[in-house]
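What follows is a short report on a single structure.
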Amino acid sequence: MSLSPSPVRWTIQDVEALPENEWVHYEIIDGELFVTRAPHHRHQKIVGRIFAALDHWSVTHGLGEASIMPGLIFSDSDNVSPDVVWISDERIAQIQDEAGHFRGAPELVVEVLSPGKANEDRDRQAKLKLYSVQGVQEYWIVDPITQRLEMYRRDQAQLTLVATLLVGDAITSPLLPGFRHQIDSWFASRV
1 MSLSPSPVRW TIQDVEALPE NEWVHYEIID GELFVTRAPH HRHQKIVGRI FAALDHWSVT
61 HGLGEASIMP GLIFSDSDNV SPDVVWISDE RIAQIQDEAG HFRGAPELVV EVLSPGKANE
121 DRDRQAKLKL YSVQGVQEYW IVDPITQRLE MYRRDQAQLT LVATLLVGDA ITSPLLPGFR
181 HQIDSWFASR V
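Listed below in structure tokens is the structure:
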């Protein structure tokens, strides 16, 4: 009887040994390596607008900060860089390491979908599961093509879909008291 070989489990050390390439982005989820190309300009524009809205609210209210593509290192085999996060000042003090990476879950994670089924599956399935397990309080999946935002919120031990917002809708969150933003402006070709 032959046993099938176990799949390769990638770790942070394995990724650090790969050659640096500014056009390639590596993430590890449950030991599986995900390799993506540098995002499209439109993707980055939407990420920047979401960050700007969260950053403006954060500066005004002084309760935490937004960050673009921070390293979230949950373990040797779970290491991702979401598009945007928001994290409270209290939580930053608990989980930020000396290198500026977060070794725990921020309260809010935002992923802007990149084209392609593999990218969509990673954000909608693998990352949703990872963020649920790690304790993220709220997860926004932003779809530039359909111009909608899916909001997942922690319900007991997992993230569940609580709202789907479309152009014309404003987003609010109990994590961000007083935050209200029209999502149309994130998708507009010119603002």
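Here UniProt numbering is used: the first residue of the sequence shown is 1, the next is one more, and so on.
Beta carbons are placed, not taken as given, at the ideal position from N, Cα and C, and that holds for glycine.
{"Check": "Cβ pair count under 8 Å reaching 3, the region 74-81 against the region 43-50", "Outcome": "no"}
{"Check": "Cβ neighbours of Glu27 in the same chain (closer than 6 Å, five flanking residues each side left out)", "Outcome": "Phe34 and Val80"}
{"Check": "Simplified DSSP assignment, three categories, for Pro7", "Outcome": "coil"}
{"Check": "Three-pair Cβ contact test at 8 Å for the region 88-105 versus the region 116-125", "Outcome": "no"}
{"Check": "Leu54 vs Asp89 beta-carbon contact at 8 Å", "Outcome": "no"}
{"Check": "Euclidean distance between Cα positions of residue 219 and Pro7", "Outcome": "In the structure as shown, the chain begins at 1 and stops at 191. Residue 219 is therefore absent and cannot be evaluated."}
{"Check": "C-beta contact flag for Leu175 and Gln134 at 8 Å", "Outcome": "no"}
{"Check": "Residues that Leu149 bridges to, as DSSP identifies them", "Outcome": "Val142 and Leu165"}
{"Check": "Three-pair Cβ contact test at 8 Å for the region 175-187 versus the region 135-155", "Outcome": "yes"}
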